[in-house]
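So the sequence shown is numbered by the working numbering: it starts at -12 and just counts up by one. Worksheet: one structure, shown below.
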Amino acid sequence: MTEPVRDIARIGHAELLTPAPEQSLRFFVDVLGMEVEAREGRSVFLRGWGDYLRYSLKLTEAPTTGLGHMAFRAWSPEALERRAAAIERSGWGIGWIEGDTGHGRAYQFTDPDGHRMEVFYDAERYVPPEHLRPSLKNQPQRYVGRGAAVKRLDHVNLLAADIAANREFSERELTYRLHEKVVLDNGTESGAWLSASIAAHELIY
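Structure, rendered in structure tokens:
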């Protein structure tokens, strides 16, 4: 029996669009307790205190709300190439970009429902400033305890018109494992919980 390939390590980050950037930023900083890591153009990059990479949320000013994109980190450069090739064969690929703040080149694509996504490998680890340096070496930054003090981006829940198509794409092209799904009496799938790690769920449709 051939052992299944697991090329995706975790969700890397998500980009949220907002027509109210200052109010949204205050919410994520003061209510959820995230830290501002960088600013570039119309975007602010934020992190939880447990993020080992530079950020997990990109907040971008836009005319309307929505998901700009979400990104997955591959296990290795070879895993990135395998996923890009598989996605390209599926017909959902867009193409390569040189990268963005905090990470190297990435392969962009959409899922069957049209959500824009990308997969990357090279990424910058977070280096905390003096006031956020942790006392423990196994933590990326000091725990501040502001607001909800979110630790990291744990999972993403995406709305979709066709759950089965997106679930199959995630299993086949992204090498995610299905942990649970809801099937209605007529056979239609109404929910799917998938994961790339030991977590119960990371990607939900």
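The beta-carbon is built from N, C-alpha and C at its ideal position, and this holds for glycine as well. Bear in mind the structure is a predicted one, so any value in this text is a computation, not a measurement.
Quick one, are the C-beta atoms of residue i and residue j less than 8 angstroms apart?
i, j, result
"Y163", "R112", "no"
"H203", "S43", "Any property of residue 203 remains undetermined from this structure, which presents the chain solely from -12 to 192."
"A61", "F32", "no"
"L46", "L12", "yes"
"R29", "G89", "no"
"A93", "G86", "yes"
"P8", "P50", "no"
"L140", "Q128", "no"
"H56", "R26", "no"
"A183", "A(-4)", "yes"
Return the CA-CA distance between residue i and residue j, expressed in angstroms with no decimal places.
i, j, result
"I74", "V(-8)", "14 angstroms"
"G20", "V131", "8 angstroms"
"W79", "A71", "10 angstroms"
"Q10", "D98", "30 angstroms"
"H166", "N144", "14 angstroms"
"P116", "R133", "17 angstroms"
"A58", "V16", "22 angstroms"
"L3", "R34", "13 angstroms"
"M(-12)", "R69", "Low local confidence applies: a pLDDT of 49 at M(-12) is under 50, so the model's placement there is unreliable, and no value is given."
"E155", "A110", "28 angstroms"
"G158", "L190", "Here the sequence assigns Glu to residue 158, which means Gly is not the residue at that position. Straight-line Cα distance between these residues: approximately 11 angstroms."
"I84", "Q95", "7 angstroms"
Opposite residue i in the DSSP bridges: which residues?
i, result
"L181", "L165 and L190"
"W62", "Bridge partners of W62: none, in fact."
"L123", "Answer by DSSP bridge pairing: none, since L123 is not bridged."
"V106", "F59 and Y94"
Are three or more beta carbon pairs between the segment 149 to 159 and the segment 172 to 181 nearer than 8 angstroms?
By the C-beta criterion, the segment 149 to 159 is judged to be in contact with the segment 172 to 181, since at least 3 inter-stretch pairs fall below 8 angstroms.
Whole beta strand (DSSP E) elements within the segment 2 to 36, 3-residue minimum
As far as the segment 2 to 36 is concerned, its whole beta strand (DSSP E) runs of at least 3 residues are 22 to 27 and 30 to 34.
For the segment 126 to 177, list the beta strand (DSSP E) runs that are entirely contained and at least 3 residues long, ordered along the chain.
List check, beta strand (DSSP E) in window: 164 to 170.
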